[in-house]
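Engineer: Here my numbering is used: the first residue of the sequence shown is 143, the next is one more, and so on. We put the CB at the ideal spot given by N, CA and C, even for glycine.
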Amino acid sequence: MLNIVLFGPPGAGKGTQSKKLRSDYGLVHISTGELFRKHIIEGTSIGIQVQEYIAEGMLVPDEITLLMIEEQILAYYKDCKGFLFDGFPRTVAQAQALDRKLEEYNSSLSLVLSLDVPREELHRRIKKRGLEENRIDDQDESSVLTRFDLYNSETLPVKTYYENQGKFIKISGIDHIDLVLEKIKEIVDRFIIENSPR
Ligand code: ADP
Numbered sequence: 143m144l145n146i147v148l149f150g151p152p153g154a155g156k157g158t159q160s161k162k163l164r165s166d167y168g169l170v171h172i173s174t175g176e177l178f179r180k181h182i183i184e185g186t187s188i189g190i191q192v193q194e195y196i197a198e199g200m201l202v203p204d205e206i207t208l209l210m211i212e213e214q215i216l217a218y219y220k221d222c223k224g225f226l227f228d229g230f231p232r233t234v235a236q237a238q239a240l241d242r243k244l245e246e247y248n249s250s251l252s253l254v255l256s257l258d259v260p261r262e263e264l265h266r267r268i269k270k271r272g273l274e275e276n277r278i279d280d281q282d283e284s285s286v287l288t289r290f291d292l293y294n295s296e297t298l299p300v301k302t303y304y305e306n307q308g309k310f311i312k313i314s315g316i317d318h319i320d321l322v323l324e325k326i327k328e329i330v331d332r333f334i335i336e337n338s339p340r
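Here is the structure:
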């Protein structure tokens with residue numbers, strides 16, 4: 143399986159790139175943020191549990207997030223070429239749990255691709271998205287600041303975790319969407335060639 147994590151701060155373009163990548167490589171796209179928003183709209187028990195965390199820009203507790211991820215992997219692993227994780231893992235505990243879960247399926251993470259975008263540009267994109275997609279967590283200044291603080295304190299250690307595994311690759315995410323996509327695909331294609339059986 144080809145399992146990829148798209149990593150980066152809020153507004154880096156993970157969702158945008160995921161939507162393009164998933165069809166090119168036949169991957170199942172798992173966006174925790176998107177799944178949570180769907181649960182909220184549908185009024186499920188997960189939705190009710192997470193809505194306050196999301197509105198305030200807090201991290202949803204790991205137990206809830208991990209349960210949802212496990213369900214997704216179980217539902218799709220048989221029929222897919224791999225997974226594209228977007229917005230997950232966001233804590234080292236989530237990263238460790240993902241490694242253990244994939245091992246259960248005799249699989250592992252292939253690559254962690256990190257989109258690098260300057261802070262001012264991230265703020266500009268989030269503001270624009272808040273208006274376009276009507277996301278209340280993007281429209282609320284204090285929620286946005288909380289998300290950046292939590293990214294620095296909780297999510298950046300995940301970078302070190304994957305650097306130690308030699309899987310972390312940084313990509314500039316400031317260029318045009320298609321150019322960023324091209325760079326990502328170059329790296330993924332190289333990985334596929336280098337890891338295909340001879
Ligand atoms: P962004 O990357 O712009 O913050 P997301 O759609 O990825 O947007 O996430 C929206 C919200 O969903 C987060 O602020 C957080 O509350 C929750 N969330 C998403 N993924 C996770 C996760 N892996 N762990 C905990 N909470 C999460």
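1) Under 7 Å: does the beta carbon of PHE230 sit that close to some heavy atom of the ligand COA?
2) What residue does the alpha helix (DSSP H) around ILE268 start on, and which one ends it?
3) Out of PRO203, GLY185, TYR167 and ASP320, which has the shortest C-alpha to C-alpha gap to THR174?
4) Does the beta-carbon distance from LEU208 to ALA239 come in below 8 Å?
5) Can you round the beta-carbon distance between ASN145 and LEU251 to whole angstroms, since I take them to be within the 8 Å contact cut?
6) Can you have a look at ARG332 and say buried or exposed, based on whether 16 or more other CB atoms are within 10 angstroms of its CB?
7) Using only alpha-carbon positions, find the residue among GLY229, ASP282 and CYS222 that is nearest to VAL170.
8) Between the segment 172 to 186 and the segment 224 to 240, do at least 3 Cβ pairs fall closer than 8 Å?
9) Please report how far the alpha carbon of ARG267 lies from the alpha carbon of ARG340, in whole angstroms.
10) Drop a sphere of 10 angstroms on the beta-carbon of ASP166, count the other beta-carbons inside from all chains shown, and report buried for 16 or more, exposed for fewer.
Structural biologist: Taking the definition as stated:
1) The model on display carries the ligand ADP but not the ligand COA.
2) 261 to 275
3) PRO203
4) yes
5) 5 Å
6) exposed
7) CYS222
8) yes
9) 43 Å
10) exposed
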